[in-house]
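Asks: Quick note: to get the numbering used here, add 111 to the position in the sequence shown (first position is 1). C-beta: ideal position from N, C-alpha, C; glycine also. Bear in mind the structure is a predicted one, so any value in this text is a computation, not a measurement. Sending over a structure as structure tokens; questions will come in a sec.
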Amino acid sequence: MVSLDTLTRLRRAQRSAATPRPLPLPEGMTTPMGCDAVAAPARIGPLVLPRLPRVGCVYADRTHWWWLVPADSDYALEWPEPARYTTGALVSDGSTAPGLILRPDGTIPYTPPIPLYLALCRVTGTTPAWSRPLSA
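Below, the structure written as structure tokens:
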């Protein structure tokens, strides 16, 4: 028999697992420009990496890879599908935090957003927003 206490504990656990949480910064790293993240399906992560001139912190789990970028890196950019931009580098997928798979030298965790955007466009076959024809 399930008691009310058990149901309450289960509901709280369910809520806390779905609560967005920020990706943890490695010790000694700072985010002077704030921090957001760009997520992409894990299958395209390895295709994006060699196209980047500099890579910051990259996190991964079975389904997604996340790159840390400076806050507001989505300004005037339409990140290509299936990439997803997350303000505050918040992750709510799954019950465990993704693991850090790449860490840059130094104290700044950012991947430059424009090269990341262009690499994601290239890998997904998307024309960058500024290259698309204008419609009147």
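#1: Using only CA atoms, which one of Arg-162, Arg-173, Pro-143 lies nearest to Val-180?
#2: For Arg-233, name the three-state secondary structure that DSSP assigns.
#3: Spell out a yes or no on whether the stretch 133-152 and the stretch 179-197 are touching, meaning 3 or more CB-CB pairs, one atom from each, closer than 8 Å.
#4: In three-state DSSP terms, what is Ile-225?
#5: Going by the DSSP bridge assignment, what does Tyr-196 pair with across the sheet?
Replies: Judging by the given coordinates:
#1: Pro-143
#2: In the structure shown, Arg-233 sits in a helix (DSSP, three-state: H, G or I).
#3: yes
#4: helix
#5: Val-149
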